[in-house]
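Just so we're aligned: the sequence shown equals residues 97 to 228 in our numbering. Every residue gets a Cβ at the ideal spot worked out from N, C-alpha and C, and that includes glycine. A quick note: this is a predicted structure, and the numbers were derived from the prediction, not measured. Read through the structure below, which is laid out as structure tokens, and then see the notes.
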Amino acid sequence: ENGVYQQTRACNETLQKWVFGEFGSPIFIWEIFLDIFLAVVLVAFLNYQFEAAFRISFFGDVQARRDTEKMQAVRDQADWLLTNIIPQHAVESLKSSTKYSENHAMTAVLFATITNWSEMYEETYEGLSFIR
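Written as structure tokens, this is what we have:
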């Protein structure tokens, strides 16, 4: 028979055992259960991998947002300090380029240092005698 039932049908054909719900070997049933089990394990593993990747991505986004907010706070503080030290038009110029200079006719800038000025200032009543 070789796993085939001979039955008379309207077309006079032969049908396999599985058509009647009978299987040729009990090992075949275990193979089906094993295949289903392995498919479920594969789906669970892929779900775990997807969940882990999603969590890592979310954590990276949160950390990037936090770092961006910190950088913005530092930038705002630097802008505030610059506007307290130099004029606003100079700050705007420094934001667009790295150098700031202006030429003026009939002007000069002199940088001078008085030797031991800080020591004299502290010793003589905070510099009041030099103001007179």
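Annotated three-state conformation of T209 is coil, per DSSP. For H185, the uninterrupted alpha helix (DSSP H) run begins and ends at Q184 to S192, by DSSP.
For K166, the three-state secondary structure derived from DSSP is helix. DSSP places E198 outside both helix and strand once states are collapsed to three, so it counts as coil. With respect to the 8 angstroms criterion, T179 and V170 are not classified as neighbours on the basis of their beta carbons. In the displayed model, T203 falls within coil according to three-state DSSP, outside both helix and strand.
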